[in-house]
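Written below as structure tokens is the structure these notes are about.
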Ligand code: SF4
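Chains as they are written, first to last, in the numbering used here: chain A, 4 to 432; chain B, 74 to 247.
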């Protein structure tokens with residue numbers, strides 16, 4: 004019997020199987036940010052264990068609230084900063100070099116096929132786009148990861164989701180993942196790995212695969228995962244060219260982490276996206292999904308383009324394409340946050356930021372900011388946002404606020420209209 | 074090992090997420106105790122008043138997929154500092170469930186019909202539950218009813234409860 008990619012990664016990283024049903028895995032990466040790590044650091048200090056298992060495998064960023072908005076967030080940054088220094092962690096990204104963790108770390112080349120990765124952040128599943136097993140964990144798991152370099156998981160039962168067909172114009176990875184979540188429901192993949200397969204996934208860029216894997220947790224999944232291929236090699240080439248003579252050689256090495264043809268899946272589901280329309284959410288759960296056409300006319304107060312889901316260069320390009328030559332509605336506040344300094348700089352060089360600004364958008368520095376309602380665009384009670392983020396929970400972007408999730412194209416079109424609206428990329432106008 | 078008994082807070086809804094259990098605006102707190110007044114502050118549940126309903130409760134009984142969403146361990150901490158050390162539900166989100174056991178607190182799954190029964194028989198009265206982790210047994214009691222229910226807990230989860238959580242366990246073993 005063949006094995007899935009997740010089973011292969013588990014086997015190669017197995018440290019212990021206490022009581023048989025749990026696998027304790029060796030970790031290749033422990034990622035940290037300033038919201039969930041300081042409590043772990045403090046606990047380690049109180050236990051007299053202020054040390055790290057391997058400073059090279061720990062990568063640290065301040066991203067959720069940046070720049071600090073008050074004394075408390077400043078203190079979180081300070082604790083993290085001093086800890087990283089004290090423990091010789093070289094890859095620490097402070098303000099000016101910081102960006103949204105799940106955009107920044109892949110961009111720095113920290114993620115590789117076959118890696119095991121944890122972070123005190125539920126959207127760590129994003130990194131599965133590279134063929135890694137990457138899972139969000141709580142602070143205690145993070146603390147043990149930092150100290151011991153291990154984490155415990157149940158066996159990686161896998162759902163194979165094949166995305167096939169031909170994707171229409173104006174329909175994007177975000178629409179696909181909303182469709183998947185609608186079908187699986189918010190807990191349909193709890194404790195499972197979702198392996199994304201099919202010709203559509205094969206044809207996706209790494210940016211798009213990251214959008215796809217990012218929201219796997221919204222269906223309850225531990226990790227979303229794509230098989231490594233030449234697209235993965237191309238993306239990583241600048242970081243791995245010393246290790247391999249040719250891209251082909253790298254591809255052959257990564258083939259070790261492709262699922263076998265006869266691997267066993269708990270469920271296999273095929274979704275043909277040929278007729279897929281752009282989608283958006285209503286209500287307070289990410290599986291409350293409807294076609295944009297059915298939600299059109301819903302008045303909005305704020306549009307947010309950014310986050311670990313859709314704050315990458317491709318996302319900004321698409322939104323700018325929709326916005327070019329238009330001005331956003333009088334009653335809409337448009338906010339765009341390029342997810343990393345590199346994306347920011349590239350968007351500037353390509354003239355995208357100018358398009359956003361000419362349309363009336365506020366361009367903020369890279370940060371999570373408004374996505375979790377902590378800074379940079381918090382909603383007032385009763386306000387409605389069209390957002391490219393990943394969670395529409397009650398109060399997520401501000402107490403009493405409502406969030407509709409959608410693709411950057413739909414968000415940009417909605418900003419122009421002042422209400423939820425399909426983009427011209429889809430309607431052909 | 075913590076105490077696993079006390080009065081029950083019934084939360085009659087599925088998919089209660091960690092943003093509702095403890096909103097992100099309080100994640101700037103470094104001390105767990107600062108979370109205490111904010112538990113379930115954003116919960117969308119008709120008739121629920123966090124100010125009144127949480128007081129003197131030690132066990133939550135709820136429905137499906139409790140604790141979905143963000144990985145924040147602030148959610149179990151917010152329960153813990155309010156003296157709530159057990160959650161009983163049809164199912165849990167993975168990270169929340171693990172966070173509970175990692176803190177040495179049981180997240181117990183019961184079949185849907187058992188949870189339905191609990192809501193039907195007990196949720197209108199002051200109800201007391203005691204959990205025996207060793208025997209894998211729950212006793213639910215109100216003025217008019219009493220019910221004994223078994224549950225399953227893996228050896229690993231039990232070991233986490235007994236050592237007070239994952240840091241202690243990992244420190245002993247790895
Ligand atoms: S952008 Fe939003 S979802 Fe992504 S890591 Fe930041 S807060 Fe979390």
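Positions of the beta carbon are idealized from the N, C-alpha and C atoms, including for glycine.
If you're wondering where the values come from, they're calculated on a predicted model, not measured in any experiment.
- Residue burial is scored here from C-beta neighbours: residue 365 of chain A has fewer than 16 other C-beta atoms within 10 angstroms and is therefore classed as exposed.
- At a cut-off of 8 Å, the C-beta of residue 75 of chain A has a neighbouring C-beta in chain B.
- Cα atoms of residue 228 of chain A and residue 182 of chain A: separation of roughly 17 Å, rounded to the nearest angstrom.
- Between residue 125 of chain A and residue 143 of chain B the beta-carbon gap is near 5 Å, inside 8 Å, which marks them as a contact.
- For residue 388 of chain A, the uninterrupted beta strand (DSSP E) segment begins and ends at 387–390.
- Contact annotation: residue 215 of chain A and residue 199 of chain A have beta-carbon atoms nearer than 8 Å.
- If you ignore the 5 residues before and after residue 75 of chain B, its C-beta comes within less than 7 Å of the C-beta of 158, 177 and 178, all in its own chain and listed in chain order.
- The closest heavy atom of ligand 1 lies less than 7 Å from the beta carbon of residue 310 of chain A.
- Every beta strand (DSSP E) of 3 residues or more that sits fully in the stretch 52–109 of chain A is shown, in chain order, as 61–64.
- Residue 130 of chain A is classed as buried because its beta carbon has at least 16 other beta carbons within 10 Å across all chains shown.
- Contact note: residue 377 of chain A reaches chain B through 97, 98, 100 and 101, using a C-beta cutoff of 8 Å and chain order.
- Proximity of the stretch 398–413 of chain A to the stretch 159–166 of chain B falls short of the contact definition, fewer than three beta-carbon pairs being nearer than 8 Å.
- Annotation: Cβ neighbours of residue 143 of chain B in chain A (cutoff 7 Å, chain order): 125.
- Residue 307 of chain A is not a Cβ neighbour of residue 298 of chain A, given a cutoff of 8 Å.
- Proximity of residue 88 of chain B to chain A, defined by a Cβ-Cβ separation below 8 Å, is satisfied.
- Rounded to the nearest angstrom, the gap between the Cα atoms of residue 195 of chain B and residue 246 of chain B is 42 Å.
- Of the candidates A:222, A:287, A:278 and A:146, A:278 places its Cα closest to the Cα of residue 171 of chain A.
- Pairing residue 211 of chain B with residue 221 of chain B, the inter-Cα distance amounts to about 6 Å.
- About 7 Å separates the Cβ atoms of residue 93 of chain B and residue 396 of chain A, confirming a contact at the 8 Å cut-off.
- Of the other Cβ atoms in all chains shown, fewer than 16 fall within 10 Å of the Cβ of residue 14 of chain A; this residue is therefore exposed.
- Short of 6 Å from the beta carbon of residue 27 of chain A, and not among the five residues preceding or following it, lie these beta carbons of its own chain, in chain order: 18, 19, 153 and 155.
- Look at the stretch 128–215 of chain B and you find these whole runs of beta strand (DSSP E), each 3 residues long or longer: 132–135, 159–162, 180–182, 201–205 and 210–214.
- Minimum Cα-Cα distance from residue 215 of chain B among the listed residues B:193, B:234 and B:125 corresponds to B:193.
- No Cβ of chain B is located within less than 8 Å of the beta carbon of residue 54 of chain A.
- The beta-carbon of residue 90 of chain A is placed no less than 8 Å from the nearest beta-carbon of chain B.
- In the DSSP assignment, the residues bridged to residue 139 of chain A are A:122.
- Contact annotation for residue 117 of chain B against chain A: 287 and 397 [CB-CB distance below 8 Å, chain order].
- Residue 153 of chain B is outside the set of residues whose beta carbon lies under 8 Å from a beta carbon in chain A.
- In the structure shown, residue 396 of chain A adopts coil according to DSSP, grouped into three states.
- For residue 211 of chain A, the three-state secondary structure derived from DSSP is helix.
- For residue 311 of chain A, the enclosing alpha helix (DSSP H) begins and ends at 310–313.
- With respect to the 8 Å criterion, residue 167 of chain A and residue 273 of chain A are classified as neighbours on the basis of their beta carbons.
- The bridge partners DSSP lists for residue 334 of chain A come to none.
- Within its own chain, the residues whose Cβ lies closer than 6 Å to the Cβ of residue 305 of chain A, once the five positions on either side in sequence are excluded, are 336 and 388, listed in chain order.
- Of all residues in the stretch 169–198 of chain A, the ones placed with a Cβ closer than 8 Å to any Cβ belonging to chain B are 189, 190, 193 and 194, in chain order.
- Where residue 155 of chain A is concerned, the enclosing beta strand (DSSP E) starts and stops at 153–157.
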